[in-house]
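Read the structure below first, then the notes.
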Amino acid sequence: MEELTITGRIERITFKNPENGYTVLKVKPKRGSIITAVGYVAEVASHAGLEGTEFVFTGSWRTSKYGRQFEFSSARLLGSELLFFLTKVVKGLGERLSRELISRFGEEGLIEILEKRPEELLKVKGIKEKRLSMILKSWHKHKSLRALSNYLASS
Numbered sequence: 004m005e006e007l008t009i010t011g012r013i014e015r016i017t018f019k020n021p022e023n024g025y026t027v028l029k030v031k032p033k034r035g036s037i038i039t040a041v042g043y044v045a046e047v048a049s050h051a052g053l054e055g056t057e058f059v060f061t062g063s064w065r066t067s068k069y070g071r072q073f074e075f076s077s078a079r080l081l082g083s084e085l086l087f088f089l090t091k092v093v094k095g096l097g098e099r100l101s102r103e104l105i106s107r108f109g110e111e112g113l114i115e116i117l118e119k120r121p122e123e124l125l126k127v128k129g130i131k132e133k134r135l136s137m138i139l140k141s142w143h144k145h146k147s148l149r150a151l152s153n154y155l156a157s158s
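Residue numbers (this note's numbering): 4 to 158.
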């Protein structure tokens, strides 16, 4: 079967298995109407909110008892992976604050701060001790998922 690439925004998650990441999605491609896409998305295991996020899917069309579906072998987040991870997975950080932190420190710099010098985040407006504690607890709990997601995306 011919491998195709579809770029689209996830409109809805119809089904997800958090144990293995198997997901059934409704995706709005850049052109055309909403399609059903099926496959494995590592971010599902983190319980991240995928709706509204753009991905690049690689796979092929198939017809099953559920109708015509795009079965993808890879799903790559379009845009900043770190921004997605901070916004959707790390508790205490929303999109605005995540963008501000990435802009201020850079992606690698922010990761280094989270790992080695988290007290520097207390200098950022809107981050106090309680919020920093929540951010760090969530970061350390879920950072292995980020590493797994990066590994799967590169394989």
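Heads up, the beta-carbon is just placed ideally off N, CA and C, and yes, glycines get one too.
ask   = Would DSSP call R12 helix, strand or coil?
value = strand
ask   = Does the beta-carbon of S101 have 16 or more other beta-carbons within 10 angstroms, so that it is buried, or is it exposed?
value = buried
query = In this structure, does DSSP put I116 in helix, strand or coil?
reply = The answer is helix: DSSP assigns I116 an H, G or I state.
message = Please identify the residue among M137, I16 and Y69 whose C-alpha is closest to the C-alpha of E54.
response = I16
inquiry  = Tell me which residues share the same chain as G95 and place their Cβ nearer than 7 Å to its Cβ, disregarding the 5 neighbours each side in the sequence.
reply    = R134, M137, I138 and S141
ask   = By how many angstroms is the C-alpha of V27 removed from the C-alpha of K68?
value = 14 Å
inquiry  = Taking the straight line between their C-alpha atoms, what separation do you get for V41 and T8?
reply    = 14 Å
query = What is the DSSP secondary structure of R134, reduced to helix, strand or coil?
reply = If DSSP states are grouped into helix, strand and coil, R134 belongs with the helices.
task = List the residues that DSSP assigns as beta-bridge partners of A78.
result = Per DSSP, F60.
query = Can you tell me the Cα-Cα spacing of S63 and T39, whole angstroms?
reply = 12 Å
request  = Please go through the same chain and pick out, in chain order, the residues whose beta-carbon is closer than 6 Å to the beta-carbon of E84, but skip the five residues on each side of it.
outcome  = Answer for E84: no residue qualifies.
request  = Give the range of the alpha helix (DSSP H) segment to which K91 is assigned.
outcome  = According to the DSSP assignment, K91 belongs to the alpha helix (DSSP H) that extends over E84 to K91.
message = Using only CA atoms, which one of E115, L104 and I114 lies nearest to V127?
response = Out of E115, L104 and I114, L104 has the C-alpha closest to the C-alpha of V127.
key: Contacting residues, own chain, Cβ-Cβ under 6 Å from F88 (five flanking each side not counted)   = R149
request  = Identify which residue in F58, Y25 and T90 has its Cα closest to the Cα of P32.
outcome  = Answer by Cα proximity: F58.
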